[in-house]
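S.K.:
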Amino acid sequence: MNNGTLIEIKNVSKYYNGKVCALDNIDLSIKKGEWLSIMGPSGSGKTTLLNIVSCLDRPSAGLVIVDGADIGRLDRNELTRFRRETVGLIFQQFHLVPYLDALENVMLAQYFHSMADEEEARQALDRVGLGDRLHHMPSQLSGGEQQRVCIARALINQPKLVLADEPTGNLDQKNEELVMELFRAMHRDGHTIIIVTHDPDVGKLADWRVYLEHGSIRSID
10 MNNGTLIEIK NVSKYYNGKV CALDNIDLSI KKGEWLSIMG PSGSGKTTLL NIVSCLDRPS
70 AGLVIVDGAD IGRLDRNELT RFRRETVGLI FQQFHLVPYL DALENVMLAQ YFHSMADEEE
130 ARQALDRVGL GDRLHHMPSQ LSGGEQQRVC IARALINQPK LVLADEPTGN LDQKNEELVM
190 ELFRAMHRDG HTIIIVTHDP DVGKLADWRV YLEHGSIRSI D
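Counting from 10, one number per residue, gives the positions in the sequence shown under the working numbering.
Following this line, the structure appears as structure tokens:
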């Protein structure tokens, strides 16, 4: 891996039950600070690829190197620590703890990092425009506000890599625009970003796009 590359994906395949092919011989190289959109129809392998890069799943074959680490060689505890220190995850479903307020949900990410800092969490929520919603419960927040809490939570530990799976899938147009402006800000700040999306308007914001079909790369632009 050269100094400008953050992720190397080499000949990666993923099979379920030994026969269902979700990914077929994927090769990609992603540089530090790049924004990549992974696109394609449902069932094309987009989320599977994202899950492998995020250490939530392992490839059946091939090599994945993230920030110099061969993640296929890491044990369970090492994977957990690596994901916590290197990756910020944002999902279509918000995965907020319903009995914790916005501030506590953001601090939860720091808790697992053993460095909870309420002021940092306040600042993170302020950056995503929720400085006046610190003590609102998830049920008191709109979908767009909940997603912005998720973004604050993903960024609180200053990850090198931000991974998002359909982050605007549950949002109306106004909130989609607010959330995507936050992604633009992440990009300007130098974060490497990979977004899985069906939305061509979201996809075109990236530096480049990979189109998957039946687990294989159909095209790159």
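For every residue, glycine included, the Cβ atom is placed at its ideal position computed from N, Cα and C.
In angstroms with no decimal places, state the Cα-to-Cα distance between ASN60 and ARG92.
M.R.: Using only the alpha carbons, I get a separation of about 11 angstroms.
S.K.: List, from N- to C-terminal side, the beta strand (DSSP E) runs of 3 residues or more that fit wholly inside the region 165-217.
M.R.: The region 165-217 contains these whole beta strand (DSSP E) runs: 170-174 and 201-205.
S.K.: By Cβ distance below 6 angstroms, which residues in the same chain neighbour ILE80 in space, the five residues on each side in sequence not counted?
M.R.: Taken in chain order, the residues that qualify are CYS64 and VAL73.
S.K.: Could you tell me the alpha carbon to alpha carbon distance between ASP181 and GLU190, rounded to whole angstroms?
M.R.: Going from the Cα of ASP181 to the Cα of GLU190 covers about 14 angstroms.
S.K.: In chain order, what residues of the same chain have a beta carbon less than 8 angstroms from the beta carbon of GLY140, not counting five sequence neighbours either side?
M.R.: Here the set comprises ARG131 and LEU134.
S.K.: Along the chain, where does the alpha helix (DSSP H) containing ASN34 start, and where does it finish?
M.R.: Per DSSP, ASN34 belongs to no alpha helix (DSSP H); it is in the beta strand (DSSP E), 29-40.
S.K.: When the Cβ atoms of the region 95-104 are set against those of the region 42-54, are three or more pairs found closer than 8 angstroms?
M.R.: No, they do not touch.
S.K.: Mind checking whether ILE212 and ARG218 have CB atoms under 9 angstroms apart?
M.R.: Residue 212 is actually Gly in this sequence, not Ile. Cβ distance < 9 angstroms, so GLY212 and ARG218 count as in contact.
S.K.: Can you look up MET146 in the DSSP assignment and give me helix, strand or coil?
M.R.: Three-state result, MET146: coil.
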